[in-house]
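Participant: Encoded as structure tokens, here's the structure I'll be asking about.
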């Protein structure tokens, strides 16, 4: 496919594209940039030309290159479906490695607004989400907790979870509100073994499904007017620990991270802790200079 054909067919592709206006605008700019380069260099839309194109723009950030490459890949798939290409020239292009997304936690006040929107009769939901928020469990780990995994011995309350890679860890239950809610909830259960959180569909118990739990959380968040994904409860807990001065080694163990590099992402959100340390250092320095 030559540059003039690409320009014409790109307009058709964008008209068919079922994406947000922002995505369409970005893809239009990306395809226009490629078309201009092909015209200037005399290349056709072929594998070798694309390798040269991306090599000529090696200064692009990984996220920029990834977006441009995705736009091109989607166009080529569309072109293949419309018999405009014989083969996909993007098939063997290597995608750049992107850094993991920056974890974003919410303030406790925002989370509590969502909890306040959960009806009192939905004690199971309130407890499940409180457990995730106050312990930093993955939602899959929380759904996998059994009654017998809990030890509510006064002064040493904890639970045992099976995390990623079937690794077992013990998580301290140090929030009194959570512990009291657990004790009340256990008294309402008609069993002493089995999943702590069971579905109650058609009067029959069974494990809660992740999708169902996610939908319920989004409903409560929408009712409270707070934008918060279920996984952000875990991020919010980690952020509180970092800003509270808890060591990264302890946070790593609590969250069940295999590598400390994963936990280090949370260190970047500890602005409050960093600012407090700098202020403390400045006060101590100023005090010693005045003596």
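Numbering (full-length UniProt numbering), first residue to last: 1 to 291.
We treat Cβ as the ideally placed atom computed from N, Cα and C, and that holds for glycine.
Quick check on DSSP: helix, strand or coil for residue 186?
Facilitator: In the chain shown, the residue the question calls residue 186 occupies position 186. Helix at residue 186.
Participant: First and last residue of the beta strand (DSSP E) that includes residue 171?
Facilitator: Position 171 of the chain shown, counting from 1, holds the residue named residue 171. First-last of the beta strand (DSSP E) with residue 171: 168-172.
Participant: Note down the Cα distance separating residue 143 from residue 45, rounded to an integer number of angstroms.
Facilitator: Within the chain shown, numbered from 1, the residue matching residue 143 stands at position 143. Within the chain shown, numbered from 1, the residue matching residue 45 stands at position 45. Roughly 49 angstroms separates the two Cα atoms.
Participant: Output needed for residue 244: all residues of its chain with C-beta closer than 7 angstroms, excluding positions within five of it in sequence on either side, in chain order.
Facilitator: As a first step, residue 244 is located in the chain shown; it is residue number 244 there, counting from the start. Excluding positions up to five away in sequence, the list is empty.
Participant: Spatial neighbours of residue 146 within its chain, please: CB distance less than 8 angstroms, with the 5 preceding and 5 following residues excluded, ordered by chain position.
Facilitator: Translated into positions along the chain shown, residue 146 becomes position 146. So the qualifying residues of the chain are 193, 194, 195, 196.
Participant: Residues bridged to residue 139 by DSSP?
Facilitator: In the chain shown, the residue the question calls residue 139 occupies position 139. Partner(s): none; residue 139 has no beta bridge.
Participant: Write down every uninterrupted run of the beta strand (DSSP E) in the UniProt domain "Core-binding (CB)" (4-80) whose length is 3 residues or greater and which is fully enclosed by it, in chain order.
Facilitator: As far as the UniProt domain "Core-binding (CB)" (4-80) is concerned, it has no whole beta strand (DSSP E) run of at least 3 residues.
Participant: So is residue 36 buried or exposed if we call it buried at 16+ other beta carbons inside 10 Å?
Facilitator: Taking the first residue of the chain shown as position 1, residue 36 is located at position 36. So residue 36 counts as exposed.
Participant: Do residue 199 and residue 113 have their beta-carbon atoms positioned less than 7 angstroms apart in this structure?
Facilitator: To locate residue 113, count along the chain shown from 1; it is residue 113. To locate residue 199, count along the chain shown from 1; it is residue 199. For residue 113 and residue 199, no; Cβs fall outside 7 angstroms.
Participant: Can you grab the Cα-Cα spacing for the pair residue 173 / residue 240, in whole Å?
Facilitator: For the purposes of this step, residue 173 is taken as residue 173 along the chain shown, with counting starting at 1. For the purposes of this step, residue 240 is taken as residue 240 along the chain shown, with counting starting at 1. Each residue's alpha carbon lies about 15 angstroms from the other.
Participant: Would you list the one or two residues that DSSP bridges to residue 256?
Facilitator: Residue mapping note: residue 256 aligns to position 256 of the chain shown, counting from 1. Residue 256 pairs with nothing; no bridge assigned.
Participant: State the Cα-Cα distance for the pair residue 266 and residue 207, rounded to the nearest angstrom.
Facilitator: Start at 1 with the first residue of the chain shown, and residue 266 comes out as number 266. Start at 1 with the first residue of the chain shown, and residue 207 comes out as number 207. Distance between the alpha carbons of residue 266 and residue 207: 32 angstroms.
Participant: To the nearest angstrom, how far is the alpha carbon of residue 220 from that of residue 70?
Facilitator: Within the chain shown, the letter at position 220 stands for residue 220. Within the chain shown, the letter at position 70 stands for residue 70. Spanning the two alpha carbons is a distance of roughly 34 angstroms.
Participant: Cα-Cα, which of 27, 184, 68, 64 is closest to residue 123?
Facilitator: Looking up residue 123 in the chain shown gives position 123. Among 27, 184, 68, 64, the Cα nearest to that of residue 123 belongs to 184.
Participant: Hey, how far is the Cα of residue 257 from the Cα of residue 263?
Facilitator: Translated into positions along the chain shown, residue 257 becomes position 257. Translated into positions along the chain shown, residue 263 becomes position 263. Rounded to whole angstroms, residue 257 to residue 263 spans 7 angstroms at the Cα level.
Participant: Less than 7 angstroms separating the beta-carbons of residue 252 and residue 136?
Facilitator: Working through the chain shown from its first residue, we reach residue 252 at position 252. Working through the chain shown from its first residue, we reach residue 136 at position 136. No.
Participant: Pair every Cβ in the segment 82-96 with every Cβ in the segment 47-55, then say whether three or more of these pairs are closer than 8 angstroms.
Facilitator: yes
Participant: Using the C-alpha atoms, what's the distance from residue 76 back to residue 59?
Facilitator: Indexing the chain shown from 1 puts residue 59 at position 59. Indexing the chain shown from 1 puts residue 76 at position 76. Rounded to the nearest angstrom, the two C-alpha atoms are 24 angstroms apart.
Participant: Out of 163, 9, 6, 181, state which residue places its alpha-carbon closest to the alpha-carbon of residue 157.
Facilitator: Along the chain shown, one-based indexing puts residue 157 at 157. The shortest Cα separation from residue 157 among 163, 9, 6, 181 belongs to 181.
Participant: So is residue 237 buried or exposed if we call it buried at 16+ other beta carbons inside 10 Å?
Facilitator: By one-based count along the chain shown, residue 237 stands at place 237. Under this definition residue 237 is a buried residue.
Participant: Return the CA-CA distance between residue 231 and residue 254, expressed in angstroms with no decimal places.
Facilitator: As a working note, residue 231 is residue 231 in the chain shown. As a working note, residue 254 is residue 254 in the chain shown. C-alpha separation (whole angstroms): 16 angstroms.
Participant: DSSP on residue 125, reduced to helix/strand/coil?
Facilitator: Reading the chain shown from its first residue, position 125 is the one you call residue 125. Helix at residue 125.
Participant: Whose C-alpha, out of 165, 6, 140, is nearest the C-alpha of residue 42?
Facilitator: Taking the first residue of the chain shown as position 1, residue 42 is located at position 42. Minimum Cα distance to residue 42 is reached at 6.
Participant: Suppose the cutoff is 7 angstroms on Cβ atoms and the five residues either side in sequence are ignored; what does the same chain contact list for residue 83 look like?
Facilitator: What you label residue 83 is simply residue 83 of the chain shown in a count that begins at 1. If we look at residue 83 and ignore the five residues flanking it on each side, it has no Cβ neighbours.
Participant: DSSP puts residue 198 in a beta bridge; with which residues?
Facilitator: In the chain shown, the residue the question calls residue 198 occupies position 198. For residue 198, which the question treats as bridged, DSSP gives the partners 207.
Participant: What residues in its chain sit with their C-beta under 6 angstroms from that of residue 13, if we drop five residues either side in the sequence?
Facilitator: For the purposes of this step, residue 13 is taken as residue 13 along the chain shown, with counting starting at 1. Same-chain partners within the cutoff: 75, 78.
Participant: Taking DSSP as the reference, what is the three-state secondary structure of residue 160?
Facilitator: Here residue 160 corresponds to residue number 160 of the chain shown, with the count starting at 1. Here residue 160 sits in strand by DSSP.
Participant: Return the residue from the list 148, 166, 131 that minimises the CA-CA distance to residue 178.
Facilitator: Reading the chain shown from its first residue, position 178 is the one you call residue 178. Answer by Cα proximity: 131.
Participant: Go ahead and label residue 105 buried or exposed: buried means 16 or more other beta carbons lie within 10 angstroms of its beta carbon, across all protein chains shown.
Facilitator: For this step, residue 105 is matched to residue 105 along the chain shown. Looking at its Cβ environment, which holds 16 or more other Cβ atoms inside 10 Å, residue 105 is buried.
Participant: Identify whether residue 151 lies in helix, strand or coil by the three-state DSSP scheme.
Facilitator: Walking along the chain shown from the start, residue 151 turns up at place 151. Here residue 151 sits in strand by DSSP.
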